[in-house]
Amino acid sequence: MPVTEKDLAEDAPWKKIQQNTFTRWCNEHLKCVNKRIGNLQTDLSDGLRLIALLEVLSQKRMYRKYHQRPTFRQMQLENVSVALEFLDRESIKLVSIDSKAIVDGNLKLILGLVWTLILHYSISMPVWEDEGDDDAKKQTPKQRLLGWIQNKIPYLPITNFNQNWQDGKALGALVDSCAPGLCPDWESWDPQKPVDNAREAMQQADDWLGVPQVITPEEIIHPDVDEHSVMTYLSQFPKAKLKPGAPLKPKLNPKKARAYGRGIEPTGNMVKQPAKFTVDTISAGQGDVMVFVEDPEGNKEEAQVTPDSDKNKTYSVEYLPKVTGLHKVTVLFAGQHISKSPFEVSVDKAQGDASKVTAKGPGLEAVGNIANKPTYFDIYTAGAGVGDIGVEVEDPQGKNTVELLVEDKGNQVYRCVYKPMQPGPHVVKIFFAGDTIPKSPFVVQVGEACNPNACRASGRGLQPKGVRIRETTDFKVDTKAAGSGELGVTMKGPKGLEELVKQKDFLDGVYAFEYYPSTPGRYSIAITWGGHHIPKSPFEVQVGPEAGMQKVRAWGPGLHGGIVGRSADFVVESIGSEVGSLGIQSEFFINTTRAGPGTLSVTIEGPSKVKMDCQETPEGYKVMYTPMAPGNYLISVKYGGPNHIVGSPFKAKVTGQRLVSPGSANETSSILVESVTRSSTETCYSAIPKASSDASKVTSKGAGLSKAFVGQKSSFLVDCSKAGSNMLLIGVHGPTTPCEEVSMKHVGNQQYNVTYVVKERGDYVLAVKWGEEHIPGSPFHVTVP
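Quick note: to get this note's numbering, add 9 to the position in the sequence shown (first position is 1).
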């Protein structure tokens, strides 16, 4: 059953609890006139018990006569009307309740009527202890009762009239607060025994405070109890009075008293400076606080203790240490030590120690401050003792003409704000307890309000020569000492058109820019600060053609397969998923024919020394090396200066058996070529370039050109020995996806044995290209049965 339906059901638990509670409440008031309600739904129908209840609650008689023996329905209706008319004259407002509803036993409306009486006579009307009439008028009945309870037990988080009372402990706290010692051990009650807890508290309240149990312990801890029932029971406590002879037990737990404040801290107290702290006894029971202070020489005296008369039962304590050294502070509650007593307190000398003071902030920086602009710094005196702070700021003429203000920011931090009026060197002196602090005096160079001449621009992007096209270059502009102003940067290209300059960073007055020239020629870069050119602006930069090293081409089994493919100026082609073997010579080639004159630099770094030889060839150079130990190797290729060619440095890994390119999936012999996916249907392999290329002179043969079987290797031979120089491209594409298991083995004289494995039946297309051209017969059609 949904929650809403459960709550609305006639037998809902909360309804039964409320009916029982309201019935008991009515009977508590009717017993003084020897009347009783057995069934709240039916026993008010003749009006007699209702009239009796109202006379008891109001202490008044009915305004008009009523039938003493209402045997007929009409008499019952008239009696109930007399009661309702009485409520109206008493200014008690009822909503939707008439005589017929009560005579006919409408339980919902009858419960509403009784709740109205509870609110008026038990909660709203009585004047409670420590409560003024004005306070009561400003609050709802619920707020009024909740506020009274919160004042009684402030140490518990009471916010409602249902969940907060379900473990029974809050009831014990309320009873003990109303009569200290009646439930002194409520804090130690087991929350897993809520019924026992509630029964103990409610029985004590019934026996000695005159608070009848209009609700049972089982009902008040029920998870579905409604707040009206709980309020009905709790509303009896404000008027409760302790009966003579109550078995009050003294509640005393000194260890629950706690002390806090600088007067008991291990450090921070000084000679002849008042040491203060607070003792909180709210949970310790009944008792007095006494404090004794013993100095290092054994002298003992009693500290001043003053009750604060607050709800937490706190005491303010103060003593005045007269000598330096370790003091012992003993705090007693009811003659016993509180928690952590005695406290050991180190008392320092009263005079402050300037050497322990520090200062920092923009107002103390050597550069970056500007004339006519306020600046500041902070002074930290924690741990330095007591002392006055002094600050002097001298202008460039050595005079104290600079106005300043020192403000206490709390936690022993002080902020000094000053405004230099002139540019030039200023001297800032900081004193504590009459002495200068470390690093004082500080020399502060104050810049002009706007001084473009103090800006400095530097970087490769502003050099007259050395910048080349298609290279990102950068420069920086330092404005720290230039005062306030706005930075402007514009660049015009060889054709006089404005080019893009991108700001990439800003930190502490330094701006970082970069640009990417795409056309050779003269560029002009104008840099302004506050609308005026900075020194050397505009900068003239001659951008040259791209560097020769970008046209260098490298390939061969000795390089890794990290970059395989083409670019406009450079190709790195890796021969072999195994580019070398441990103790076996590997080689790679470098083509410098398009790069112009320059010096080639090749270095190979690894876990051991490498035997390397470099030989000149018609196209450039051939590099041979032999790895002698397994591990990671780094091959750096530079040309025409300190810059790497594209792709350099190359990375390779030597295992115990062979050198394998990262990411390789095939393990075959040491001269196999590395494969990477070039497109969805092509796999790219490379061969050592020769003078020319002719795809028509490439031949192929083998069963793998026409037939294959699922899961089995198929192969064919490709002869490129007469085709010149180019890249061999192999692609095998099935009915749905390309075949990825393709490899090739060099069998000598530029002949390659190609193998592949298919994973599904159907018709395949096998493409064999020499460069961008199909070889004779390609594409081949392969059937997989």
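Built from N, CA and C at the ideal position, the CB exists for glycine as well.
Since we're looking at a predicted model, the values are computed, not measured.
Pull up the CB-CB distance for residue i and residue j, whole angstroms please, since I reckon it's below 8 Å.
i: residue 769; j: residue 744; result: 7 Å
i: residue 705; j: residue 735; result: Actually they do not touch by this definition, with Cβ atoms about 12 Å apart.
i: residue 392; j: residue 356; result: Wrong, their Cβ atoms sit about 14 Å apart, outside the cutoff.
i: residue 384; j: residue 427; result: 7 Å
i: residue 88; j: residue 57; result: 7 Å
i: residue 228; j: residue 29; result: 7 Å
i: residue 354; j: residue 336; result: 5 Å
i: residue 378; j: residue 455; result: 5 Å
i: residue 491; j: residue 429; result: Not really, about 15 Å apart at Cβ, beyond 8 Å.
i: residue 543; j: residue 466; result: 6 Å
i: residue 230; j: residue 175; result: 5 Å
Determine, using beta carbons only, whether residue i and residue j come nearer to each other than 9 Å.
i: residue 180; j: residue 211; result: yes
i: residue 294; j: residue 263; result: yes
i: residue 60; j: residue 91; result: yes
i: residue 521; j: residue 483; result: yes
i: residue 127; j: residue 241; result: yes
i: residue 783; j: residue 715; result: no
i: residue 740; j: residue 774; result: yes
i: residue 112; j: residue 82; result: yes
i: residue 611; j: residue 635; result: no
i: residue 726; j: residue 765; result: no
Please classify residue i as buried or exposed, where buried requires at least 16 other C-beta atoms within 10 Å of its C-beta.
i: residue 718; result: exposed
i: residue 755; result: buried
i: residue 300; result: buried
i: residue 661; result: buried
i: residue 202; result: exposed
i: residue 577; result: Interpretation of residue 577 is limited by its pLDDT of 21, a score under 50 that renders its predicted location unreliable; no figure is taken from the coordinates.
i: residue 390; result: buried
i: residue 332; result: exposed
i: residue 324; result: buried
i: residue 136; result: exposed
i: residue 642; result: buried
i: residue 213; result: buried
Relative to the C-alpha of residue i, which residue among the options is closest?
i: residue 707; options: 654, 786, 247; result: 786
i: residue 39; options: 20, 26, 67; result: 67
i: residue 283; options: 345, 273, 292; result: 273
i: residue 758; options: 781, 730, 752; result: 730
i: residue 445; options: 241, 311, 388; result: 388
i: residue 186; options: 715, 165, 645; result: 165
i: residue 321; options: 313, 305, 291; result: 291
i: residue 438; options: 113, 623, 398, 344; result: 398
i: residue 342; options: 382, 302, 377, 289; result: 289
i: residue 159; options: 99, 246, 254, 221; result: 246
i: residue 178; options: 199, 188, 170; result: 199
i: residue 608; options: 647, 624, 721; result: 647
i: residue 413; options: 425, 548, 468, 653; result: 425
i: residue 43; options: 31, 65, 54, 55; result: 65
i: residue 809; options: 340, 296, 546; result: This structure leaves residue 809 out entirely; the chain is present only between 10 and 794.
i: residue 511; options: 472, 528, 486; result: 486
i: residue 184; options: 167, 220, 416, 175; result: 220
i: residue 232; options: 209, 254, 249, 204; result: 204
Could you give the distance in angstroms between the alpha-carbon of residue i and the alpha-carbon of residue j?
i: residue 621; j: residue 534; result: 47 Å
i: residue 800; j: residue 530; result: Residue 800 falls outside the range modelled here, since the chain spans only 10 to 794, and no answer is possible.
i: residue 269; j: residue 286; result: 6 Å
i: residue 780; j: residue 523; result: 39 Å
i: residue 27; j: residue 266; result: 41 Å
i: residue 258; j: residue 20; result: 43 Å
i: residue 77; j: residue 52; result: 15 Å
i: residue 540; j: residue 499; result: 12 Å
i: residue 601; j: residue 738; result: 25 Å
i: residue 261; j: residue 348; result: 13 Å
i: residue 252; j: residue 104; result: 40 Å
i: residue 503; j: residue 476; result: 14 Å
i: residue 8; j: residue 338; result: The structure shown has nothing for residue 8, since the chain only spans 10 to 794.
i: residue 654; j: residue 640; result: 24 Å
i: residue 222; j: residue 69; result: 26 Å
i: residue 189; j: residue 182; result: 9 Å
i: residue 346; j: residue 173; result: 34 Å
i: residue 238; j: residue 79; result: 32 Å
i: residue 696; j: residue 554; result: Legend: pLDDT at residue 696 = 37, less than 50; position of this residue unreliable, no value from coordinates given.
Shorter than 8 Å, the distance from the beta carbon of residue i to the closest heavy atom of the ligand FMN, or not?
i: residue 470; result: Because no ligand of any kind appears in the structure shown, any question about the ligand FMN cannot be addressed here.
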